[in-house]
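What follows is a set of notes on a single structure, which appears directly below.
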Amino acid sequence: MISGIDHLVILVPNLEQAVTQYTDLGFQVVRGGEHPGGTHNALIGFTDGAYLELIAFQQPEQPNPHRWYRFLAAGCGLIDFALRCDDVDQAAARLRAAGLDYRVSPGARRTPRGVELQWRSAQPPQERAGELPFLIQDVTPRAERVPGGAEARQPNGVIGVRGLVVAVRDLIEAAAAFSVLLDEPTGPTLEEDERERVVRFPAGAQLITLAEPLVQTGPLAERIQQKGDGPFEGRLAARGIEQARLIPMNQADGARLRLLPAGA
Numbered sequence: 039m040i041s042g043i044d045h046l047v048i049l050v051p052n053l054e055q056a057v058t059q060y061t062d063l064g065f066q067v068v069r070g071g072e073h074p075g076g077t078h079n080a081l082i083g084f085t086d087g088a089y090l091e092l093i094a095f096q097q098p099e100q101p102n103p104h105r106w107y108r109f110l111a112a113g114c115g116l117i118d119f120a121l122r123c124d125d126v127d128q129a130a131a132r133l134r135a136a137g138l139d140y141r142v143s144p145g146a147r148r149t150p151r152g153v154e155l156q157w158r159s160a161q162p163p164q165e166r167a168g169e170l171p172f173l174i175q176d177v178t179p180r181a182e183r184v185p186g187g188a189e190a191r192q193p194n195g196v197i198g199v200r201g202l203v204v205a206v207r208d209l210i211e212a213a214a215a216f217s218v219l220l221d222e223p224t225g226p227t228l229e230e231d232e233r234e235r236v237v238r239f240p241a242g243a244q245l246i247t248l249a250e251p252l253v254q255t256g257p258l259a260e261r262i263q264q265k266g267d268g269p270f271e272g273r274l275a276a277r278g279i280e281q282a283r284l285i286p287m288n289q290a291d292g293a294r295l296r297l298l299p300a301g302a
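Our numbering numbers the first residue of the sequence shown as 39 and each following residue consecutively.
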């Protein structure tokens with residue numbers, strides 16, 4: 039069963055600079071550690087249990103087979119997201135039977151304290167990385183992987199991930215895939231204006247919005263032109279603000295993040 043968005047993945051060119059940038063934005067950034075595939079990360083946890091992952095290649099000048107390496111040339115930013123799942127084997131089998139070729143593989147990270155964290159993930163084909171989310175199931179306790187308690191209290195008032203907007207070229211095709219992913223057989227309701235058309239899916243307590251641009255200009259269309267289908271805008275619930283506001287992308291290493299009043 040999928041229980042919602044686990045985390046949003048933000049690729050950054052330099053992890054140290056990203057930690058400074060996000061700290062300056064009022065986030066508490068926790069060092070994550072190193073992955074076997076040549077990446078390292080830092081995490082921004084929230085009290086709702088979700089988090090932002092800032093991830094960088096340790097040697098970005100060297101070609102890397104990692105599924106996210108291609109996004110370096112496309113400008114980094116928000117590139118992927120994970121859905122929390124309690125049985126990735128069962129979920130992957132269900133998705134394959136429905137025509138989505140998800141495969142399960144192990145994952146690991148060594149923390150700065152030397153603790154080895156392990157999980158298993160179900161991923162779409164490499165060429166669809168970012169276009170479709172990956173599923174994650176912890177092997178070691180999730181509380182060891184995800185910042186919690188005092189580490190999840192953000193000075194800027196952000197308390198969680200409200201949702202995510204995913205840019206898509208073909209809304210009908212993408213909606214069919216997400217209906218299978220999220221096990222929503224009835225399908226969503228289509229909404230349209232002069233610039234875009236969207237469908238929305240509940241994912242636990244969060245909302246995933248698929249958005250297809252109807253014009254060839256603007257940030258949504260530019261995201262598709264630069265990176266293809268994939269995460270466009272993370273929406274974060276924040277206390278202490280009265281109206282929604284967008285964090286300037288040049289202050290967030292190219293990630294588009296919108297703060298929404300927590301009570302709205």
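C-beta atoms are modelled at their ideal positions from N, C-alpha and C, and glycine is treated no differently. Since the structure is predicted, the reported quantities are computational estimates derived from the model, not experimental observations.
In this structure, the alpha-carbon of Thr149 lies about 29 Å from that of Ala241. In the DSSP annotation of this structure, the continuous segment of the beta strand (DSSP E) that includes Glu271 starts and ends at Gly268 to Ala276.
Judged by their CB atoms, Ala120 and Ile174 are nearer to each other than the 8 Å cut-off. Taking the C-beta atoms as reference points, Val142 is found nearer than 8 Å to Val126. Excluding its 5 nearest sequence neighbours in each direction, Trp157 has C-beta neighbours in its own chain below 8 Å: Pro144, Gly145, Ala146, Ile174, Gln175, Asp176, Val177, Thr178 and Arg183, listed in chain order. For Pro257, there is no enclosing beta strand (DSSP E); the residue is part of the alpha helix (DSSP H) that begins and ends at Pro257 to Lys265.
Residue pairing by DSSP places Cys123 opposite Ile40 in a beta bridge. In this structure Asp44 touches Arg122 by the C-beta definition: roughly 4 Å separates them, less than 8 Å. Of the residues assessed, Gly115 falls on the buried side of the cut-off, its CB having 16 or more other CB atoms within 10 angstroms. Between the region 94 to 104 and the region 241 to 250 there are fewer than three inter-stretch CB-CB distances shorter than 8 Å, so the stretches are not counted as touching.
DSSP, read as helix, strand or coil, puts Tyr107 in helix. Counting other Cβ atoms within 10 Å of its Cβ, Gly168 reaches 16 or more and is therefore classed as buried.
Residue pairing by DSSP places Thr247 opposite Val203 and Arg238 in a beta bridge. Taking every protein chain shown into account, the CB of Asp118 has 16 or more other CB atoms within 10 angstroms, so this residue is buried.
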